[in-house]
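Contents: one structure, followed by commentary.
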Amino acid sequence: MRFEPEANVCRAGRPETVHAVIRNAGTAAAGGTLRLGVTEGVTVSGPQTSGVLALAPGAQTNVAWTVTAAAACDSVLSVALEDGARTVARTEIRVRFLPPMAKRRLNSIPDPVPVKTEVLVGAHHCPLWEADKFNLWANVLKHPERTPALGFYAQENPEVSDWETKWAVEHGISFFIYCWYRASQGGAVKMRFGSAIHDALFKSRFADKMTFTIMWENQSKGIAGVADESDLFENLMPYWIDNYFKHPGYLKIGNRPLLFIYRPEFLVKDLGSVENVRAAFGKMRQACRDAGFDGLILLGEYRGLDPNHLARMKELGLDYTFAYCWGIPGSPAPQQAIQAQMASIRKTQELGILPQVVTVSQAWSGWRDEGSIWKIPPADFEGLLREAKAFIATLPSDQLGSRMLLLDNWNEWGEGHYLAPYREYGFGYLDAVRNVFAPDAGPHEDLLPEDIGLGPYDAAYRRHAAEQAGLEAHRTRRVTKPGADEPGLIGWWAFDETSEETLTLDYSGHGLGGTLENAGRAPGIDGSALVCNGGSAMIAPDTALSPSNAFSVACWVKTERAGQKHVWFINRIFGGSTSSGFRLGLQDGRPCFGVPVTSFSHHLTGKAPLPVGRWVHLAGTFDGQTMRLYMDGAEQGALARPGPLPPNGRPLCLGNYDAGHAAHFTGLLDEVKLYGRALSTDDVRADAQR
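Numbering follows this note's numbering, with no gaps: position 227 of the sequence shown is 1056.
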């Protein structure tokens, strides 16, 4: 059941539509009555209960109500599906209703009115939200309370940057630190996610109202760093100097540009040694002096307290340490999260190894809701800001950290840390920043695009969502083919649709269909097969894809390419959830079956290479204690693995590691089956005899 307001952010005094979309995912007819719940101060137009709903298997319906808040308030809206006296399902959402404001129509966004601050306040900026990157919003869909004020926007729109600048500077944030991703190393600079700077910020009407800097995201080894020193000085540094450092809006302290580096220790491998990195940093500073600056300030990311790591950062020649965010274990309560951050900040200073520029974090959840999950509400976050402000005032005045504070994060919607206005708390976090760092600024007005007749900025995503909704009923059709009654069969993807079809159906009868992503079909071992050459079939996340105590996965593959290394054709193990899920693929040309307990653990590789030029049957089984791998019905190996399997909220990717990923199988994939039981050796052997 999905439940949320129609508006991205609600205002008091305006009728707001609230939708509940309910789908019967079972195999039998179901129904009941939907009841809307509201907190004090919010009224409902009309009845709070729906009529009696009757849903066939796979059917869904949309029920809407209109609610109005009399005044600004924090409200909890809820909806329950009731069958008589029994509550079948219930969900709720926290919504902040902003102060009332009459709508008016303007032709453009009003100029920002920056507030003055004694401390230079910056925010990390996550520029992932490009118009064609729909999949990056997947985790936000699970958390409708996170919906940004701009909706699921296209980051490259200059007007998006206009709004971001206005909201930031009017609340005391004077610069953004954009995550900067290199797409490949060793040649001319190619970027990923560069549109936030080049297409939006640089073309913004308000580009002169705030400054920016970059954080070099060099975490992807072999891709995002440098191939060698010549790559650094012939490609990267000239690009940065010409495109960024010389830009009038780039942040400079004492005529020295600031460069944040996400994984400075990775440069040791790129450049060969600590000494080489230190020398390179010196040359980078000199390159900046040669370009007319007075040097370069280098800041390295680290969120731990290991003195040895900090000492290594000092050896590298960094000027400061900073944290992108604070990883706090144990899903702490707000006050615990505050105390843990301040303890780490104080301990870093006590160690006295490398000066710091302080970062404070608002929340954390991880891209797939894995690990520790926590959030500090705005009122408590204001308290954290006051503590941090008082702390940096104690730092030596000649250190940058005494006059600069970093905020985590402006817009990391997927990982659950964000300060920009959004549905749950509106401008709450930004108002906290303004209250602490611009206390004498006086009253102000927080505008939304709809207040002045502008927007929307999420048209591309809305079109995509409408297309997907149109496909949903077809994707989840319950179809079967002979053999669908096999015991324990969860899903069966045979790729036997027409060549023009962009969906792949589940022939087990359970409706677990998916979509083809840049992939086609070719003759298979039975009907058609999936062509694996960089594309994939993505099966939508579903709890049925996470059997807990035992499971098996089987398929047929064919390739003409021997020796494929680290490629996958069945995968549910992704970054952020590397200790759950399963996968089947090839390692050094041999079949490999993975069912991790800890990050990327428990991978079983076969004895023999995958034959080429013919169809090969592969299967992996797990009975709660032992993993087994089979090729053409013969066991290739066994590995002890304690059960059960933790749930995994990720999709099932067929033909690749992930959509558009480089770790894809090259060949054909057919007759993929997932079972909720461990197949016996006889079962596997029988399935392999075609």
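Quick reminder that beta carbons are idealized off the backbone N, C-alpha and C, glycines included.
Buried versus exposed call for residue 905 [16 or more other C-beta atoms within 10 Å across all chains shown]: Classification of residue 905: exposed, given that the 10 Å Cβ count is below 16.
Contact check, residue 1484 vs residue 1493, beta carbons under 8 Å: Yes, Cβ-Cβ distance for residue 1484 and residue 1493 is below 8 Å.
Beta-carbon separation (whole angstroms), residue 1441 vs residue 1390, contact threshold 8 Å: Indeed, because the Cβ distance is near 7 Å, the residues count as touching under 8 Å.
Residue 932 versus residue 847 - alpha carbon distance: Residue 932 and residue 847: Cα-Cα distance of roughly 20 Å.
Neighbourhood of residue 1073 by C-beta distance below 7 Å, restricted to the same chain and skipping five residues each side: So the list reads 1043, 1079, once near-sequence residues are dropped.
Beta-carbon contacts of residue 1167 that lie in its chain and below 8 Å, excluding the five residues immediately before and after: The beta carbon of residue 1167 is closer than 8 Å to those of 1205, 1209, 1212, 1213, 1216 in its chain, skipping five residues each way along the sequence.
Length of the line joining the Cα atoms of residue 1089 and residue 1003: Going from the Cα of residue 1089 to the Cα of residue 1003 covers about 17 Å.
Buried/exposed call for residue 1395, threshold 16 Cβ in 10 Å: By the neighbour-count rule (16 or more Cβ atoms within 10 Å), residue 1395 is not buried but exposed.
Residue 1099 (DSSP reduced to helix, strand or coil): Helix, per DSSP.
Neighbourhood of residue 1160 by C-beta distance below 8 Å, restricted to the same chain and skipping five residues each side: So the list reads 1201, 1202, 1203, once near-sequence residues are dropped.
Close beta carbons around residue 907, own chain, < 6 Å, minus the five adjacent residues each side: Around residue 907: 866, 921.
When 876, 888, 962 are compared against residue 1294, the one with the closest alpha-carbon: Residue 962 is the option with its Cα nearest to residue 1294.
Three-state secondary structure (DSSP) of residue 1185: Residue 1185: strand per DSSP, three-state reduction.
Selected residue, minimal CA-CA separation from residue 1381, among 1029, 1410, 889: 1410 is the residue among 1029, 1410, 889 whose C-alpha sits nearest the C-alpha of residue 1381.
Where the alpha helix (DSSP H) through residue 1301 begins and ends: Counting along the chain, the unbroken alpha helix (DSSP H) around residue 1301 starts and ends at 1288 to 1304.
Spatial neighbours of residue 1416 in its chain, beta-carbon cut-off 8 Å, leaving aside the 5 residues before and after: A distance below 8 Å between beta-carbons, with the five flanking residues on each side excluded, links residue 1416 to the following residues of its chain, in chain order: 1394, 1395, 1432, 1434.
DSSP state of residue 1263 mapped onto helix, strand, coil: Per DSSP, reduced to three states, the secondary structure at residue 1263 is helical.
Bridge partners - residue 874, DSSP secondary structure assignment: BP columns for residue 874 point to 895.
Same chain only: Cβ atoms within 8 Å of residue 1445, ignoring 5 sequence neighbours per side: Hits under 8 Å: 1385, 1386, 1387, 1439, 1460, 1461.
Residue closest to residue 953, alpha-carbon to alpha-carbon, out of 1499, 1253, 1466, 1236: Relative to residue 953, the option among 1499, 1253, 1466, 1236 whose CA is nearest is 1236.
Beta strand (DSSP E) segments (min. 3 residues) lying fully within the segment 1188 to 1246: Within the segment 1188 to 1246, the complete beta strand (DSSP E) runs of at least 3 residues fall at 1188 to 1190, 1233 to 1237.
Own chain partners of residue 1009 with C-beta closer than 7 Å, once the 5 adjacent residues on each side are dropped: Cβ neighbours of residue 1009 beyond the five flanking positions: 1043, 1044, 1045, 1046.
Beta carbon of residue 1436 nearer than 8 Å to that of residue 1465: In this structure, residue 1465 lies closer than 8 Å to residue 1436 by Cβ.
Nearest candidate by alpha-carbon position, reference residue 879, set 872, 890, 886, 870: By alpha-carbon distance to residue 879, the top candidate from 872, 890, 886, 870 is 890.
Stretch-stretch touch, CB-based, cutoff 8 Å, three pairs: the segment 1081 to 1088 with the segment 1130 to 1143: Under the three-pair Cβ rule at 8 Å, the segment 1081 to 1088 does not count as touching the segment 1130 to 1143.
Residue of 888, 841, 845 minimising C-alpha distance to residue 858: If we check each option's Cα against that of residue 858, 888 comes out closest.
Same chain, Cβ closer than 7 Å to residue 1242, neighbours up to 5 away in sequence not counted: Hits under 7 Å: 969, 975, 977.
CB of residue 1190 within 8 Å of CB of residue 1155, strictly: Yes, the Cβ-Cβ distance between residue 1190 and residue 1155 is below 8 Å.
Cβ neighbour criterion (16 or more within 10 Å) applied to residue 1175: Burial call: exposed.
Residue of 1473, 1223, 916, 1463 minimising C-alpha distance to residue 1515: Of the candidates 1473, 1223, 916, 1463, the one whose C-alpha sits nearest the C-alpha of residue 1515 is 1463.
Alpha helix (DSSP H) runs wholly inside the segment 1042 to 1119, at least 4 long, in chain order: Qualifying alpha helix (DSSP H) stretches, in chain order: 1066 to 1069, 1096 to 1100, 1103 to 1119.
The segment 1277 to 1292 touching the segment 934 to 947, judged by at least three CB pairs closer than 8 Å: Counting Cβ pairs under 8 Å, three or more are found: they touch.
Residue 1272 versus 849, 999, 1147, residue with shortest Cα-Cα distance: Per the C-alpha coordinates, the member of 849, 999, 1147 positioned closest to residue 1272 is 999.
Proximal residues to residue 1070 (C-beta, below 8 Å), its chain only, five neighbours per side dropped: Closer than 8 Å at the Cβ level, and outside the excluded window around residue 1070, lie 1116, 1117, 1120.
Short Cβ contact (8 Å threshold) for residue 1323 with residue 1371: In this structure, the beta-carbon distance from residue 1323 to residue 1371 does not fall below 8 Å.
CB contact flag (residue 1157, residue 1187, <8 Å): No; because the gap between Cβ atoms is not below 8 Å, this pair is not in contact.
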